[in-house]
Amino acid sequence: MNDFLFRSMSREQKAVERARKAFLTGRSQSLEYRITQLKNLLRFIRERQKEIAEGLKKDLRRSECGTPLYETLGLENEINLAVRNLKEWAAPRPVSKSMMTISDQVYIQPEPLGVVLVIGAWNYPWAVTIGPLIGAIAAGNAAVIKPSEELYPVVTGGVTETQELLKQRFDHIFYTGNGTVGKIIMEAAAKHLTPTTLELGGKSPCYIDSNCDLAIACRRVAWGKFLNCGQTCIAPDYILCEPSMQDRVIEELKKNIKDFYTEDPTKCLDYGRIINQRHFKRLMALLEGSTIAVGGENNESDCYIGPTILRDVKPDAKVMQEEIFGPLLPILTVSGADEAIKFINQREKPLALYIFSSDDKLIKRMIAETSSGGVVANDCLMHFSVSSLPFGGVGNSGMGCYHGKHGFDNLSHLRGCLIKKLKMENVNKMRYPPHTVDKLGWARFFILKHVDFGSLGRMMLLALMVIFAAVIVQAPNSMEFNMALSNALCAFTADMAYTESKVNLNIPLWNEEIFPDMELEQQILSLPIRCIHSEEGCRWTAQNKLLQAHLSVCEFNVVSCPNRCSVKLLRRELPEHMQHDCAKRKLHCDHCGDEFTGEAYENHQGVCPEESVYCENKCGARMVRRVLGQHSVSECPKRKLPCRYCKKEFLYDTLQPHQQQCPRFPMQCPNRCGTPGITRETLMAHVKEGCSTAMVLCPFREAGCKHKCPKTAVGRHLEEATHTHLSLLSGVVNRQRLELRELRRAVEELSGSRDGTLLWKLTDFSQRLQEVKSRTSGSLELFSPAFYSHNYGYRLQVSAFPNGNGSGEGSHLSVYIRVLPGEYDGLLEWPFPYRVSFSLLDQSDPALTKPQHITETFIPDPTWKNFQRPRPGALGSVRGGCLDESMLGFGYPKFISHEEMKKRNYIRDNAIFIKATIDVVQKILNS
Ligand SMILES: NC(=O)c1ccc[n+]([C@@H]2O[C@H](COP(=O)([O-])OP(=O)(O)OC[C@H]3O[C@@H](n4cnc5c(N)ncnc54)[C@H](O)[C@@H]3O)[C@@H](O)[C@H]2O)c1
Ligand SMILES: CCCCCCCC=O
1 MNDFLFRSMS REQKAVERAR KAFLTGRSQS LEYRITQLKN LLRFIRERQK EIAEGLKKDL
61 RRSECGTPLY ETLGLENEIN LAVRNLKEWA APRPVSKSMM TISDQVYIQP EPLGVVLVIG
121 AWNYPWAVTI GPLIGAIAAG NAAVIKPSEE LYPVVTGGVT ETQELLKQRF DHIFYTGNGT
181 VGKIIMEAAA KHLTPTTLEL GGKSPCYIDS NCDLAIACRR VAWGKFLNCG QTCIAPDYIL
241 CEPSMQDRVI EELKKNIKDF YTEDPTKCLD YGRIINQRHF KRLMALLEGS TIAVGGENNE
301 SDCYIGPTIL RDVKPDAKVM QEEIFGPLLP ILTVSGADEA IKFINQREKP LALYIFSSDD
361 KLIKRMIAET SSGGVVANDC LMHFSVSSLP FGGVGNSGMG CYHGKHGFDN LSHLRGCLIK
421 KLKMENVNKM RYPPHTVDKL GWARFFILKH VDFGSLGRMM LLALMVIFAA VIVQAPNSME
481 FNMALSNALC AFTADMAYTE SKVNLNIPLW NEEIFPDMEL EQQILSLPIR CIHSEEGCRW
541 TAQNKLLQAH LSVCEFNVVS CPNRCSVKLL RRELPEHMQH DCAKRKLHCD HCGDEFTGEA
601 YENHQGVCPE ESVYCENKCG ARMVRRVLGQ HSVSECPKRK LPCRYCKKEF LYDTLQPHQQ
661 QCPRFPMQCP NRCGTPGITR ETLMAHVKEG CSTAMVLCPF REAGCKHKCP KTAVGRHLEE
721 ATHTHLSLLS GVVNRQRLEL RELRRAVEEL SGSRDGTLLW KLTDFSQRLQ EVKSRTSGSL
781 ELFSPAFYSH NYGYRLQVSA FPNGNGSGEG SHLSVYIRVL PGEYDGLLEW PFPYRVSFSL
841 LDQSDPALTK PQHITETFIP DPTWKNFQRP RPGALGSVRG GCLDESMLGF GYPKFISHEE
901 MKKRNYIRDN AIFIKATIDV VQKILNS
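In UniProt numbering, the protein residues as written are 1 to 927.
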């Protein structure tokens, strides 16, 4: 695979490609390699036990013991079983022979399939993913796992990733999950003709017979049903029992639910939760139309559904239409075992069938008359833990199986092997043309007769072969017959001896009733032969009669281990086996000195209390394992301890330094105010704001009060200094008023025009007029924003008296203009020389009538003080109260009478517009 191609592949393709490449190196074929991988897997499971359990606690609220109990211990057992038996499982398996193959090697050779895809489900994610993986590794396959490296990459993801994965070519797909997806998997597998194992689910019935101990039966059913919150593929889905038993069944189940999960299962650590809200809603909908006898409590936000029993459920109820896969247990009544069998057989074949009865005959009958993936009598779920039983479904509940050797076989190709020799050709003549009736007769005998050495006897066969050979060669005289016989026997004996060291060679060599020729017997026994293991390398040759004795010492003969460990192997492998592999060999532990069998020693390794080990926290200390626990808990400087203040975990040797900075460390107020619960992080705030003894400033400090006192005395000060505070505040108000006025002026000036024209709108005119009229003294002068005669010109301001000023007071609107100190005064001609016009604008609609503005114009007299250069920094005569004559306004006290103003639309929307125009000569504007 070139690098570019590999890089352009999807993640899923890469995983499969990597696994296939690794498989093709052939390294997964060696038994040592497989065993090493299995042992690594075992170590991984043991080392990660805590994390595994924690993960499932988060997903399914499994208790800490639940995961080892129902998943990982079983996996450990499966791995140990495979490691112990792999040699035997993977060895050639001799099979029975017919007369046709009597002298051939006929056996089955399990061989790896290639790359296996394992797709697991979420309910027992370790059991249903690692379980099949154990079979795949044992059988010598590579595997891609979907819920690490090289041979067993893990591809995580959801539907999209799985579908991408399924496009790849595998040699076997092992899927666990629901049937709908099972069909998708099979369809994808069909594209590459990939064999598939489908571990599905279904509605597993539970029949409780009237003849049984109900208390025990219901205890076992309650366990099997509510374990993992009912999310177990083989959980009893529903109960079938006679109507008269229903109430007692409910009572017993109820009692056990309480015993297992307490009165309030929401608080019980052993009661799980539904995997997600989608399943929660699905389950709640299944309750529709059924009668709840027990439970029914639920809480969607917590994915909680309490153990629930439904009574008198009808076959057409919603809860009976699909696999429940949750903590709802319907009870359906039937008249007895006959109706139960009928009920079960009318539905899809379930994954499990449970029968509770004390009647063995009834149990056997129900097994005989129904079909299901597995069947358990008088218990629930437990067949899953028996490694010697195949675990899998049938029909709608799945196909294929695993656990123990069944997983190995399922994920192996069981290859049929027949190895013949290029000898004994006479025996074959019966199948070669010309075909004759005689040959057919012999063929019938040879083909239909299967060899049973125990009853027939090796020599009888020998005799038959001889007779057959003689007949076939049709040698009539005894010389030729004997020659043919000897030849046939030489070849045959050697082959036979290979084929079956299992054959009982102690049976009488010659059956006198059949062939009482002692001389021939001696002749046969004196024939020189090779050892039956010559092909494996044994160089022994001698007379036929010495073979038996030789085989009892032959290095190549297959023998059973004398320790009765059940392993069979070549004699020459025996010493190695007995010293290193035999499960029953005797061993002394180097550390504790105790004696163990090999099997027990394997389990003892890694746990021996006297073995010297390093501290797992990597603190560098070494000690005997016996004291490791004590060391880890109370001595190890690298042990983790929670900070008693902030509860975060720290290594022991960093805990002290942490506590010197811990934000939750308890502190005392430096003022010793006695406030409890102050921590390092809240101390500053406390001293500043919370401490009752801290000296604080008067809240009116901004207004100028300099008083300082303990926090508790602030109230009294506020009461005593009300007057002082009020006068301070009024000072503040005055200052602010002045500031405000200045600001307003600055804003107005900034927004004023610089083209010699002011258009000034006075709003609320009638109110202003009214206000000033109602005053007993004084007038109201309103000021326009300042404006400039031109760019860099004179700064001017217009003012108006709504109720008149001077001679116009009380009857007219008076209008004035004044020159204000400006930025450019130093550059200008003085006195102010330009013509000024005031207009009061007629706001009549020009479309209806021509507006008649009131306009007055004057040219300033150079002698007037009003138009001399104003004193820099001078304030307006009115606003500042300063009598600077240059700041006085000039204008018209009787600009327009109030009467006149009413005649046209000078006042409109309660506003008037005053326009002031300065005629600056063009020359100035151009300069
Ligand atoms: N026989 C067994 O050993 C066994 C064990 C556990 C669960 N189950 C059965 O599994 C069912 C519950 O599991 P589930 O199916 O909800 O689990 P799930 O949702 O985890 O699905 C199973 C697997 O199929 C994959 N998948 C889902 N939709 C897919 C799609 N459209 N295309 C390709 N892959 C897809 C998922 O990613 C997952 O890996 C029940 O019926 C239960 O009885 C059977
Ligand atoms: C002993 C209980 C084990 C149950 C495992 C079931 C796997 C399928 O959901």
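We treat Cβ as the ideally placed atom computed from N, Cα and C, and that holds for glycine.
Could you pull the start and end residues of the beta strand (DSSP E) that residue i belongs to?
| i | result |
| --- | --- |
| S204 | S204 to I208 |
| V819 | H812 to L820 |
| M695 | M695 to L697 |
| W760 | T757 to L762 |
Which class does residue i belong to by DSSP, given the choice of helix, strand or coil?
| i | result |
| --- | --- |
| R908 | strand |
| H413 | strand |
| K255 | helix |
| E602 | helix |
| Q848 | The sequence shown places Leu at residue 848, not Gln. If DSSP states are grouped into helix, strand and coil, L848 belongs with coil. |
| T436 | coil |
| A443 | helix |
| F556 | coil |
| K97 | coil |
| T863 | coil |
| I331 | strand |
| C229 | helix |
| S478 | Here S478 scores only 35 on pLDDT, less than 50, and its place in the model is too uncertain to base an answer on. |
| E32 | helix |
| T654 | helix |
| N378 | coil |
| R795 | strand |
For the alpha helix (DSSP H) containing residue i, list its first residue and its last residue.
| i | result |
| --- | --- |
| S397 | Here S397 belongs to no alpha helix (DSSP H), and DSSP marks it neither H nor E. |
| G136 | A small fix is needed here, since residue 136 is Ala in this sequence, not Gly. Taken as a continuous stretch (DSSP letters only), the alpha helix (DSSP H) holding A136 covers A127 to A138. |
| E742 | T722 to S751 |
| S897 | Not the alpha helix (DSSP H): S897 falls in the beta strand (DSSP E), residues F890 to S897. |
| V221 | L214 to F226 |
| H279 | Q277 to L286 |
| F174 | No alpha helix (DSSP H) contains F174, which is instead part of the beta strand (DSSP E) from H172 to T176. |
| S839 | Premise fails: S839 lies in the beta strand (DSSP E), R835 to L840, not in any alpha helix (DSSP H). |
| T682 | R680 to A685 |
CB-CB under 7 Å to residue i, same chain, minus the five flanking residues each way: which ones, in chain order?
| i | result |
| --- | --- |
| I912 | L762, F765, L840 and Y906 |
| H658 | C643 and F650 |
| S286 | Note that residue 286 is Leu in the sequence shown here, rather than Ser. Cβ neighbours of L286 beyond the five flanking positions: K318, V319, I324 and L328. |
Sorted by chain position, which residues of the same chain lie with C-beta nearer than 6 Å to residue i's C-beta, five sequence neighbours on each side aside?
| i | result |
| --- | --- |
| I924 | none |
| H725 | F700 |
| S897 | S811 and H812 |
| K405 | W89 |
| G177 | A121 |
| A217 | I208 and F356 |
| S290 | L310, V313, A317 and V319 |
| P112 | A139, G140 and N141 |
Tell me which residues share the same chain as residue i and place their Cβ nearer than 8 Å to its Cβ, disregarding the 5 neighbours each side in the sequence.
| i | result |
| --- | --- |
| V294 | I250, L253, K254, I257, P307, T308 and I309 |
| residue 941 | Nothing about residue 941 can be read from this structure; the chain reaches only from 1 to 927. |
| S632 | C615, E616, N617 and R639 |
| E681 | P663 and R664 |
| N607 | The residue you asked about is not Asn; residue 607 is Val in the sequence shown. Cβ within range, chain order: R625. |
| R754 | F787, Y788, H790, N791 and G793 |
| Q543 | L525, S526, L527, P528 and I529 |
| residue 931 | Nothing in the structure corresponds to residue 931, since the chain is present only between 1 and 927. |
Three CB pairs or more closer than 8 Å across the segment 265 to 280 and the segment 299 to 307 = Between the segment 265 to 280 and the segment 299 to 307, the count of C-beta pairs closer than 8 Å reaches three or more; the two stretches touch.
Spell out a yes or no on whether the segment 435 to 448 and the segment 93 to 103 are touching, meaning 3 or more CB-CB pairs, one atom from each, closer than 8 Å.
-> yes
Is it a yes or a no for the segment 778 to 798 touching the segment 807 to 827, going by three-plus beta-carbon pairs under 8 Å?
-> yes
Please determine if the segment 120 to 135 and the segment 72 to 89 are in contact, where contact requires at least 3 C-beta pairs separated by less than 8 Å.
-> yes
Report yes or no: do the segment 423 to 439 and the segment 224 to 234 share at least 3 C-beta pairs separated by less than 8 Å?
-> The segment 423 to 439 vs the segment 224 to 234: no contact.
Please confirm if the segment 857 to 865 is in contact with the segment 829 to 847, defined as three or more CB-CB distances below 8 Å between the two stretches.
-> yes
Looking at C-beta atoms only, is the number of pairs between the segment 519 to 539 and the segment 549 to 563 that lie closer than 8 Å three or more?
-> Yes: at least three Cβ pairs fall under 8 Å.
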